[in-house]
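**Q**
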Amino acid sequence: MKKIKNVKFVGVIVIFIAALISVIFYFNYNKNNEILSKSDFPVLYSKDNSLYMMKNNFKTEKIADNIYSSKPESFSSVSEGSTITDDGKTVFYKGNILENGTGILYKLDVKKNESTEIAKNVYDFDIYKSSGNIAYRVFESDQTFTLYGYDGNKSFEISKGLDSNSVFFIANSGQNVVYKKQNMEKGSFYSTAINSNENQICLSENVAGYSYNKKGDKVYYVDVKSDETGDKYILYMYDFVNSPQIIDEDVSPYIKVAGDDETLYYYKNVGITLKASDYVVDDLAEQDKNIAVPDPLAFSGKTLEEYMTAEAAYKSKEVRDSIRQFIVTTEISVPSNTLYSYNNGEKKVIAENVFESYGIDSKNSFIIYSILDISKLPKINISQIGLPSDITNILSQSIQSSSKDVYICKSGKNPSKIEGYSNINLLTTKISAGSDKIMFFDNYTESTGGKLVIASVNENGNISGYFEPLNSTLVKTSIFDDLTGNTAFSYTDASGKNILEFTDGKTSEKVVENPSAYCFGTDNGILYYIEETDNESGAGNLCYIENGTVYTIDKDVYFMFYIGEGKMLYMNTKGSMFVFENGKSKQIDTGVESLFIYE
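Next comes the structure, spelled out in C-alpha cells:
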C-alpha cells in the first residue's frame with residue numbers, strides 16, 4: 000500500500016455569513032442509469048422559504064415561493080415531498096407545507112421551470128419514476144387519509160378512510176396502485192388501476208407480509224386464513240394479469256425479494272423438538288444413591304449442626320429427584336426454518352435447520368444465515384440446575400450460545416460457508432459496496448466487540464482469502480469499496496476513538512482519527528472524509544486521498560455528497576453551498592437551509 004502524506008490546502012473558498020443550515024438527505028434511486036447519470040440530476044434546495052433548483056451546469060433557478068405556510072423546526076417534511084423521474088425531466092415536490100407535513104403537491108417541468116398543481120393537503124406520495132405516474136394520500140378533516148392515483152394528466156380517487164398505518168406503492172409499470180387498508184387488527188390488501196377504482200381486486204382480507212418484484216412486476220404476499228384449528232399462512236404471487244397463484248403454504252410471514260434477478264426468499268417454520276433427557280447428564284446420580292432421610296437417633300451424641308447439614312443434603316436430593324422426573328417428560332421446541340428461494344416458477348430449498356438470517360448489503364443481493372447442528376449442542380449437568388423450571392431456560396441459553404455454521408448466499412447463486420470461524424455475529428456482518436468483500440466479527444459481544452475479519456467474495460458469492468486487519472477489540476465498524484481493490488473501514492478502539500483505515504486485504508494502514516463522515520467516489524475510487532470535527536457544530540475539514548496523498552478541500556464543512564464525475568457537493572455551517580471539481584471549489588449559493596439529493 001502507498002504511504003499517506005499530508006499536503007497543503009487546495010482551492011480558494013470565499014465564505015459568506017448566512018443562516019445555519021439544516022441538511023436533509025433524500026435519496027431517490029435511479030433504476031435506469033443509462034438514461035441519466037447521477038451527475039446530471041438537478042439538485043433541489045430551499046432558502047428564504049423558497050425552493051431552488053441547481054442544474055448540472057451549476058446554474059440555479061427559483062422554482063417556488065412559500066414552501067412553508069408555517070415553517071417547522073425540522074425540515075424533514077420537505078425532504079419527504081420531493082422526487083424526480085428517471086429522465087430528469089420532471090420533479091414532484093410539495094409547497095405550502097404545514098406543521099403536520101401536508102402541503103400542495105406540484106409537478107415541475109425542469110426544462111421550462113413551470114409548475115402545475117396536482118392536489119392540496121397531500122401528506123406523502125409514491126412515484127413510478129420511468130412513467131411519472133404517482134399515488135398520493137390526502138389528509139382529511141376526520142384525521143383519515145384518502146388515496147388517489149395520478150396518470151400524468153388527471154387524479155382519480157381510489158379509497159377513503161385509510162389510517163396512518165396504511166401503506167401503498169405503484170406497480171405494473173406505473174399502471175396499478177397496491178395498498179394495504181387497516182381494519183382493526185387486520186390489514187386488507189388491494190390492487191387497482193391507477194386511473195380507476197371500479198375494478199379493485201382484494202388480494203387478501205388479512206395480509207401478514209408482502210414484497211414487490213419491480214423487474215418482473217409481481218407482488219408476493221402472505222395471506223392469513225383462520226379457522227377453529229388456528230391461523231394458516233399461504234404465500235401468493237400476483238402478476239396483475241392472472242388470478243393470484245399459490246406458491247406455498249404454512250410459510251413464515253417474513254418474505255423478501257432480493258438481488259438483481261429479484262429472487263423471492265421465504266421461510267417455512269418446521270420447528271425442532273428436543274427431549275431434555277438427551278441433553279441433561281446426571282452427574283450426581285452416584286452421590287445421591289447414598290443420601291437417605293436422616294434419622295435423628297443416628298445422630299445421638301453428635302451436634303445439631305451435623306444433623307441440619309444431613310437434612311439439607313437430603314432436601315437437595317429431593318429437588319434433584321423432582322428434576323429427574325421432570326427431565327423424562329420435558330420436551331423443548333427450538334425455532335428452526337427451511338429457507339426457500341422462488342424465481343421464474345422454480346421453488347428451491349436453500350438450507351434446512353436455519354436458526355437466524357438477515358440481509359447484509361444495501362442492494363439486497365446477499366443474505367447470511369446460521370445453521371443449528373443439534374448434535375453439537377453441549378450437555379448440561381444436573382448440578383447446574385436449581386429447579387425443574389430452570390431446564391428450559393438453561394437449554395435455550397445453550398442453544399443461543401452454541402457454535403453454528405454460517406453461510407452467505409448471493410441471489411441466484413449457491414450458498415458459501417464461512418470457514419474457520421464458528422461464533423460469528425450475523426447482525427454486524429456487511430458486504431462491501433462493490434459486493435467483492437465481506438466483513439464480520441468473530442466472538443463478538445456488545446460490551447467488548449470482537450475480532451474483525453475481512454474476506455474476498457467472487458462473482459458467484461464464494462468466500463476466500465480471510466484477513467484479520469486488527470488485533471484490538473472492536474465496537475463498531477463500517478466497510479466501503481474504493482473500486483481499486485482497497486477497502487476503507489472504521490472502528491472504535493479501546494480509548495473510544497473512531498479510526499478510519501485502509502486495507503488491501505493483506506496489510507492495513509491508519510488514515511485518520513474520528514472522521515465524522517466518509518465516502519468513496521463511486522466512479523473515481525477516491526476516498527473523501529471530514530476530519531477534526533467540532534463537537535458543537537458538527538463541522539470539520541473536508542479532505543480526500545488520491546495516490547496516497549491527503550488533500551484538504553475546505554474547512555468548516557458540515558455536509559458532503561459525491562455527485563459523480565469527480566464532483567463533490569458540500570456545505571458549511573454558514574449555509575454556503577459549493578461544488579468541488581478539478582481541484583477547485585465553486586460557490587453555488589448562500590443561506591441554504593435544506594438540501595435534496597437524488598441518487
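Residues 0 to 598 (numbering that gives the first Met the number 0) are what the sequence shown spells out, left to right.
In this text, a Cβ means the ideal position worked out from N, Cα and C, and glycines have one as well.
#1: When burial is assigned at 16 or more other CB atoms within 10 Å of the CB, is Cys201 buried or exposed?
#2: Taking the C-alpha atoms as reference points, what is the distance between Phe439 and Ile498?
#3: If you reduce the DSSP assignment to three classes, tell me which class Phe325 lands in.
#4: Residues in the same chain with beta-carbon distance under 8 angstroms from Pro295, minus the five sequence neighbours each way, listed in chain order, please.
#5: Once DSSP output is grouped into helix, strand and coil, what is the label at Phe298?
#6: Distance check for Thr143 and Tyr363, CA to CA, integer angstroms please.
#7: By Cβ distance, which residues of its chain are closer than 6 angstroms to Ser402, with the 5 residues on each side in sequence left out?
#8: Report yes or no: do three or more beta-carbon pairs, one from the stretch 276-296 and one from the stretch 227-245, lie closer than 8 angstroms?
#9: Report all residues from its chain with a CB closer than 8 angstroms to the CB of Asn581; omit the five preceding and five following residues, and keep chain order.
#10: Glu343: which of Glu418, Lys301, Glu261 and Val280 sits nearest, CA to CA?
#11: Counting C-beta neighbours from all protein chains within 10 Å, is the total for Asp108 16 or more, i.e. buried, or is it exposed?
#12: Let me check understanding here. Comparing Cα to Cα, which of Ala207, Ile126, Val206 and Asp141 lies closest to Val176?
#13: For Tyr528, write down the residues that DSSP places opposite it in a beta bridge.
#14: Are there three or more Cβ pairs, one per stretch, closer than 8 angstroms when the stretch 444-451 is compared with the stretch 467-481?
#15: Return yes when the Cβ of Asp360 is within less than 9 angstroms of the Cβ of Lys429, no when it is not.
#16: Just to confirm the assignment: which complete beta strand (DSSP E) runs, minimum length 3, are found wholly within the stretch 74-139?
#17: Could you tell me whether the Cβ atoms of Ser163 and Tyr178 are closer together than 9 angstroms?
#18: Tell me whether the beta-carbon of Gly208 lies closer than 9 angstroms to the beta-carbon of Tyr253.
#19: Beta-carbon separation of Lys128 and Ile83 under 9 angstroms?
#20: Report the rounded CA-to-CA distance for Ser332 versus Asn152, giving the unit in angstroms.
#21: Please state whether DSSP places Ile254 in a helix, a strand or coil.
#22: State the start and end residues of the unbroken alpha helix (DSSP H) segment that holds Gln383.
#23: In angstroms with no decimal places, state the Cα-to-Cα distance between Lys255 and Tyr264.
#24: Can you say whether Tyr561 is buried or exposed, counting buried as having 16 or more other CB atoms within 10 angstroms of its CB?
#25: For Pro377, count neighbouring C-beta atoms within 10 Å of its own C-beta (all shown protein chains included) and say buried if the count is 16 or more, exposed if not.
#26: Do the stretch 344-357 and the stretch 384-397 make contact, defined as three or more Cβ pairs closer than 8 angstroms?
#27: Do you know how far the Cα of Ser315 is from the Cα of Lys301?
#28: Going by the CB atoms, is the gap between Phe155 and Asn99 shorter than 9 angstroms?
#29: Note down, in chain order, each residue of its chain lying with its Cβ closer than 8 angstroms to the Cβ of Lys436, except the 5 sequence neighbours on either side.
#30: Among residues of its own chain, excluding the 5 on either side of Asn171, which ones have a beta-carbon nearer than 7 angstroms to its beta-carbon?
#31: Can you tell me which of the three DSSP states Leu425 falls into?
#32: Write down the C-beta distance between Asp553 and Ser515 rounded to the nearest angstrom, noting that I regard them as a contact closer than 8 angstroms.
#33: Taking the alpha carbon of Met559 as the reference point, which residue from Glu530, Lys46, Val549 and Glu545 has its own alpha carbon closest?
#34: Out of Asp320, Gly419 and Lys274, state which residue places its alpha-carbon closest to the alpha-carbon of Tyr465.
#35: With a threshold of 8 angstroms on Cβ separation, who are the neighbours of Ala297 within its own chain once the five nearest residues in sequence on each side are excluded?
#36: Where Tyr628 and Ala63 are concerned, what is the direct C-alpha to C-alpha distance, given to the nearest angstrom?
**A** On the basis of the supplied data:
#1: exposed
#2: 17 angstroms
#3: helix
#4: Tyr306
#5: helix
#6: Reading off the sequence shown, one finds Asn at residue 363, where the question assumed Tyr. If I take the Cα positions, the gap works out to 34 angstroms.
#7: Ser421 and Asn422
#8: no
#9: Gly565
#10: Looking at the sequence provided, one finds Asn at residue 343 rather than Glu. That would be Glu261, whose Cα lies nearest to the Cα of Asn343.
#11: exposed
#12: Ile126
#13: Tyr517 and Cys542
#14: yes
#15: yes
#16: 81-83, 89-94, 102-108, 113-127 and 132-138
#17: no
#18: yes
#19: yes
#20: 57 angstroms
#21: coil
#22: Unbroken run through Gln383: none, as it is neither H nor E.
#23: 5 angstroms
#24: buried
#25: exposed
#26: no
#27: 22 angstroms
#28: no
#29: Ile430, Ile453, Ala454, Ser455, Val456, Ile478, Asp480, Thr486 and Gly504
#30: Asp216 and Phe239
#31: helix
#32: Rounded, the Cβ-Cβ distance is 14 angstroms, inconsistent with contact.
#33: Glu530
#34: Gly419
#35: none
#36: Examination of residue 628 is not possible in this model, given that the chain is present from 0 through 598 alone.
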